[in-house]
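Reminder that position 67 of the sequence shown reads as 74 in this note's numbering, one-by-one numbering, no gaps.
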Amino acid sequence: MKSAVDRLQEKSGKYFRVVRSDVHTKFGTALKMKVESKLVPTFILYSGDKDEVMRFHSVPDLERIKSLLAELNKS
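Right, here's the structure in full:
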């Protein structure tokens with residue numbers, strides 16, 4: 008069975024890009040510090056202007072993300 012993240016990544020392809028990072032690597036640790044994440048998993052939704060829009064600490068529902076993206080596109 009695929010993980011929830013794998014399923015989200017497969018379903019989201021035409022809406023947004025999922026970037027994964029292993030917090031147990033040097034890069035992952037540095038990224039975790041840069042985005043000031045204290046919990047794992049952390050999912051961060053950024054706008055096209057690279058501003059943080061929403062932060063989730065569990066695998067977010069694709070429909071919720073699509074709704075947020077629609078709101079962003081109205082702005």
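Each residue gets a CB set at the ideal place from its N, CA and C atoms; glycine is no exception.
Sub-8 Å separation of residue i and residue j beta-carbons
i	j	result
Ser-65	Pro-48	yes
Val-30	Thr-36	yes
Ile-72	Arg-62	no
Leu-79	Ser-54	yes
Val-60	Leu-75	yes
Lys-21	Leu-69	no
Residue i (DSSP reduced to helix, strand or coil)
i	result
Arg-62	strand
Host beta strand (DSSP E) of residue i (start-end)
i	result
Leu-52	50 to 53
Enclosing alpha helix (DSSP H) for residue i [first to last residue]
i	result
Glu-70	69 to 81
Asp-13	11 to 19
Phe-34	33 to 41
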